[in-house]
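Colleague: When you line the sequence shown up against UniProt numbering, it's residues 1 to 334, in that order. Positions of the beta carbon are idealized from the N, C-alpha and C atoms, including for glycine. First the structure, which I've put down as structure tokens, then a few questions once you've had a look.
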Amino acid sequence: MQSLREVTTMRVGGTPASLVAPQTKDELIDACLKAWGSGENWLILGGGSNIVAADDLSLLNVIKVETRGIQIDEIPTGAIIRVQAGEDWDEFVAHTVAAGLSGIEAMSGIPGTVGAAPVQNIGAYGQEIAEVLTRLEFLDYETGETEILENSELGFGYRDSIFKHGKTGVILWVEFKLKHSAHTHKTERLIEALGDAEETPLEVRKRVLALRNQKGMVLNEQDHDTWSCGSFFTNPIVSRAFAAALSAECPRWETTNEDELKLSAAWLIEHSGIGKGFALAASKAATSTKHCLAITNRGDASAAQIIELAKFIQTSVSNRFGINLVPEPNLIGF
């Protein structure tokens with residue numbers, strides 16, 4: 001039996017009561033219905049990149065989604081693409097770029113599966129899932145039935161969706177609409193990172209991967225900075241009045257709400273006295289040596305040590321700025 005330490009990017013977590021890995025949609029549905037009908041605790045696991053699992057998982061049953069398949073239907077402006085939930089996200093991005101499609105290339109290098117991506121409404125450099133997802137198929141925990149959910153029904157927000165607010169079940173496939181484009185449409189965040197020169201989706205993908213690699217955000221077994229969930233905290237959104245009281249040096253970005261601004265969690269952490277490579281005494285959990293927004297496992301950290309450091313960071317930022325940082329990964333078994 002595999003422990004979750006072996007199948008999550010943070011590399012912490014105990015051994016569950018059971019672990020099954022469905023390969024087809026029908027197998028996934030059957031496994032879920034069986035688990036849900038048992039009355040026991042269960043977890044749907046994708047790529048394991050967005051969870052911190054507790055050290056004791058002896059009462060947890062895990063379904064690891066390993067379904068595969070990408071179907072592309074060409075349309076005049078681009079393509080409609082249906083992707084099975086177990087497909088690796090970055091491999092899917094590479095597939096679309098190779099097909100001359102644009103819309104998700106700035107999200108290159110994000111670990112995890114396609115099925116997990118809508119839950120968090122993943123995004124990077126101004127691109128996010130909500131902009132390109134058209135619909136998905138969902139197996140509902142309450143009814144045991146499958147349903148098609150349109151984009152407008154998914155409650156997308158910044159790193160948020162209905163799946164984080166009571167909509168329980170499993171995503172079976174996701175459908176995207178991408179455009180054929182010789183050049184990437186650059187958002188403010190992407191221009192900030194790469195400059196405003198015209199670039200192809202492939203060029204943008206390569207440069208984004210290089211940036212993520214510099215920050216320890218591309219998985220590498222030999223690099224402990226990548227033994228993480230990536231950014232551990234979301235960038236907080238505050239009122240303009242609150243932001244105005246902060247140092248002008250604190251990075252901030254516009255949001256869809258004209259009365260609010262998004263702040264840099266990394267800047268807040270660093271200016272709370274927590275720098276790169278920070279660790280509590282006798283702990284194997286530390287912030288990344290490349291940037292302080294990632295909490296990393298330096299080789300043999302326990303889940304308890306990861307959470308201890310996360311709480312310390314939250315308290316430090318709250319005491320210094322009056323802001324409560326919200327963890328980005330799902331915390332399982334705590």
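What does DSSP give as the partner residues of H180 in its beta bridges?
Modeller: L101
Colleague: In chain order, what residues of the same chain have a beta carbon less than 6 Å from the beta carbon of G155, not counting five sequence neighbours either side?
Modeller: S161, I162
Colleague: To which residues does DSSP link S161 through a beta bridge?
Modeller: Answer is none; S161 lacks a bridge partner.
Colleague: Which whole runs of the alpha helix (DSSP H) in the stretch 46 to 78 are 4 residues long or more, in chain order?
Modeller: Scanning the stretch 46 to 78 for uninterrupted alpha helix (DSSP H) segments of 4 residues or longer gives nothing; none is fully contained.
Colleague: Threshold first: 4 residues or longer. Then list the alpha helix (DSSP H) segments lying entirely within the stretch 174 to 220, N to C.
Modeller: DSSP runs (the alpha helix (DSSP H)) wholly in the stretch 174 to 220: 188 to 194, 201 to 214.
Colleague: Per the DSSP calculation, D30 is bridged to which residue(s)?
Modeller: Note: D30 sits in no beta bridge, so no partner.
Colleague: For the beta strand (DSSP E) containing K262, list its first residue and its last residue.
Modeller: It spans 260 to 263 - the beta strand (DSSP E) in which K262 sits, taken as one unbroken run.
Colleague: To the nearest angstrom, how far is the alpha carbon of residue 343 from that of K179?
Modeller: Since the displayed the chain opens at 1 and closes at 334, residue 343 lies outside it and no answer follows.
Colleague: Just verifying my parser: in three-state terms, what is the DSSP assignment at G144?
Modeller: coil
Colleague: Give the straight-line distance between the Cα atoms of K311 and E198, rounded to the nearest whole angstrom.
Modeller: 42 Å
Colleague: Based on DSSP bridge pairs, tell me the residues matched to N41.
Modeller: L60
Colleague: Near H291, what residues of its chain come up, given a Cβ to Cβ distance below 7 Å and the 5 sequence neighbours on each side ignored?
Modeller: K215, A266, K276
Colleague: Inspect the CB distances between the stretch 246 to 257 and the stretch 279 to 293 and report whether three or more fall short of 8 Å.
Modeller: no
Colleague: Mapping the DSSP letters down to three states, classify L139 as helix, strand or coil.
Modeller: strand
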